[in-house]
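Chains as they are written, first to last, in this note's numbering: chain A, 393 to 696; chain B, 11 to 335. We put the CB at the ideal spot given by N, CA and C, even for glycine. Step one of this worksheet: look at the structure below.
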């Protein structure tokens, strides 16, 4: 009996050790990838942000110079402001996609067709979309102004005017992202149990009350997910800017923060300064995400 | 007619109807009771089903207008790509090109490195997603089904890495690849992807939680190695989830722009997205918009075709996971 125990115990731990080794080997590849291509560059970015570095010579430590320089750099502040301004599109997109999802959640024909059509811009390459919209925003011959002309409005030269370039980018981004949020909202709407609405209707709740008190709270996780991912994505807006306004737009009015980092790093070879700005960007994204998660936890909601 | 269970057939206003929810015949008294239950319906001359149908008509009209807005720019692009140089400046605008010039789609191949762009994009997206999917799924298997100390800590660390934006790490990454002489090659775009994709690992791990441990234990007792278990049991089980993630990832790499623009300078080495962007920069000054639009449309087409073919799987996977790739 005792010998039996003694014999199986080392055998089992040997099996376990073997399992640990194999598991480690399986996990090793993504782990090494993470250490090499994410963690190491991140730590190096932190270090480089405290240096003066042109990418050719070795980085020279210069303390907080880059961070101080940022506060006095009107281009940095402007590009931060522009990036923030462009996020106005996020709530607009959420409201529109919610309305679309409510429309598509009805029992009627053509749902699949509409779902596909609204999703096409989402899968399309943003570079091609930006090129198309640049042409559509052409002041004289673009699609947008041609359509406006039909109703007697003389449209501006969208991308060349500092007052219209940001709305133009917001409209395009909303158009492109609408299908994605719509799809997630639609999936959430379809999983709301019907009996909640039936019970509310019995209690005399109208359509708006049902929407306000059942639908909105039930889709809150999706709203939360969309807000977080939209802010993370929106703060990194680059491709549209790079293609549609290659020089940062009229009076620098469409330059985003990633566009400015990219330009400082790879055109002006201010690698140290660009690293510092990229660290600030990373920190902002981190803080916003943490705040979002906090708020979400506090507003936990459930219907019993 | 599968809808007949949820929707009653055609109803004339005022005729007795079957309540779709309750199934009660609508006597006048019953209808009054219902009208009291839903205050907004009181005094309304139409029955609830008729109103629902009218609502459907209204919603269909609004959604159709929206669909025109969604497709308008794409159709306009296609229309422009078939126009002569003069026709793009015609006033009023031509919605249907006159004459239709298919030559733009021939001209475009010699006007720039479009073909090599497609080839490069295929090489990058193909290699990354094929190899990366295998490494990701093997890792997902280990994370979901195998015992290892600190397994969850490692997984959480990888997940936390998602919060680090690419711009924050792109400068040192570029310097490392510059040091080993990989700038202006496709390698910096390919190699990091070969190590797998934490989003895919995450979703495959979730998916594997539904596979019972007992079949793995049974295979172990039969003396199967872990690799055998993976290829014989796990891989077939996760194939549907993998396929959807694979397509989403492929489209994401295909559409990538920031990493290629940092690493690739020589026109013949650029990926498709960069090629069309330089078409745009180069030919806009000559106002050769038909050519630019033809190139852009060609760049859109592969992903569009993949989407139309796999739209059910793609849409279901996105709706289920929220993963965009």
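query, result
"Secondary structure of residue 224 of chain B, DSSP reduced to three states", "helix"
"Cβ contact check for the stretch 558 to 566 of chain A and the stretch 597 to 605 of chain A: 3 or more pairs under 8 Å", "no"
"Residue from A:506, A:465 and A:642 whose Cα sits closest to the Cα of residue 79 of chain B", "A:506"
"CB contact check: residue 36 of chain B to chain A, cutoff 8 Å", "Confidence at residue 36 of chain B is low in this model, with a pLDDT of 42, below 50, so the placement of that residue should be treated as unreliable; the coordinate-derived value is given next. Chain A contact via Cβ: absent."
"The ligand FAD heavy atom lying under 7 Å from the CB of residue 616 of chain A", "The ligand FAD is not part of this structure, which contains no ligands at all."
"Coarse secondary structure for residue 452 of chain A, derived from DSSP in three states", "strand"
"Residue range of the unbroken alpha helix (DSSP H) whose run includes residue 655 of chain A", "649 to 658"
"Burial state of residue 568 of chain A (16 or more Cβ within 10 Å)", "buried"
"N-terminal and C-terminal residue of the alpha helix (DSSP H) that residue 157 of chain B is part of", "From DSSP, residue 157 of chain B is part of no alpha helix (DSSP H); its letter is neither H nor E."
"Neighbour flag for residue 87 of chain B against chain A, beta carbons, 8 Å", "yes"
"Residue of A:671, A:664, A:681 and A:683 minimising C-alpha distance to residue 451 of chain A", "A:664"
"Residue-level contact to chain A via CB, residue 299 of chain B, 8 Å cutoff", "yes"
"Cβ pair residue 673 of chain A, residue 175 of chain B closer than 8 Å", "yes"
"C-alpha distance - residue 435 of chain A paired with residue 556 of chain A, whole-angstrom precision", "39 Å"
"Contact with chain B by residue 511 of chain A, beta-carbon distance below 8 Å", "yes"
"Chain-order list of residues whose beta-carbon lies under 7 Å from that of residue 150 of chain B (same chain, five-residue window excluded)", "211, 214, 215 and 218"
"Beta-carbon proximity check, residue 698 of chain A vs residue 500 of chain A, cutoff 8 Å", "Outside the shown range of chain A, which is 393 to 696, sits residue 698 of chain A, and nothing can be said about it."
"Cβ neighbours of residue 199 of chain B in the same chain (closer than 7 Å, five flanking residues each side left out)", "134, 269, 270 and 273"
"Reference residue 408 of chain A, options B:230, B:251, B:95 and B:312, closest by Cα", "B:230"
"Short Cβ contact (8 Å threshold) for residue 327 of chain B with residue 254 of chain B", "yes"
"Simplified DSSP state of residue 443 of chain A, which is helix, strand or coil", "strand"
"Runs of alpha helix (DSSP H) wholly within the stretch 578 to 638 of chain A (minimum 4 residues, chain order)", "586 to 594, 599 to 602, 612 to 626 and 631 to 636"
"Cβ-Cβ separation, residue 282 of chain B to residue 131 of chain B (assumed contact under 8 Å), whole Å", "4 Å"
"Rounded separation between residue 455 of chain A and residue 442 of chain A - CA only", "5 Å"
"DSSP three-state assignment for residue 123 of chain B, whether helix, strand or coil", "coil"
"8 Å Cβ cutoff met for residue 614 of chain A and residue 630 of chain A", "no"
"8 Å Cβ cutoff, residue 394 of chain A in contact with chain B", "Summary for residue 394 of chain A: the model assigns pLDDT 46, below 50, so the residue's position carries little reliability, and this model does not support an answer."
"Within chain B, the residues that residue 628 of chain A reaches when beta carbons sit closer than 9 Å", "175, 176, 177 and 268"
"Integer Cβ distance of residue 142 of chain B from residue 206 of chain B, believed to fall under 8 Å", "5 Å"
"Residue of B:316, B:94, B:286 and B:259 minimising C-alpha distance to residue 203 of chain B", "B:259"
"Where residue 681 of chain A falls: helix, strand or coil (DSSP)", "helix"
"Cross-chain neighbours of residue 272 of chain B in chain A, by beta carbon under 7 Å", "658"
"Straight-line gap, residue 554 of chain A to residue 646 of chain A (C-alpha atoms, nearest Å)", "8 Å"
"6 Å Cβ shell around residue 643 of chain A - same chain, five flanking residues per side excluded", "554"
"Chain-ordered residues of the stretch 535 to 552 of chain A with a beta carbon less than 7 Å from chain B", "535 and 538"
"Delimiting residues of the alpha helix (DSSP H) encompassing residue 186 of chain B", "176 to 189"
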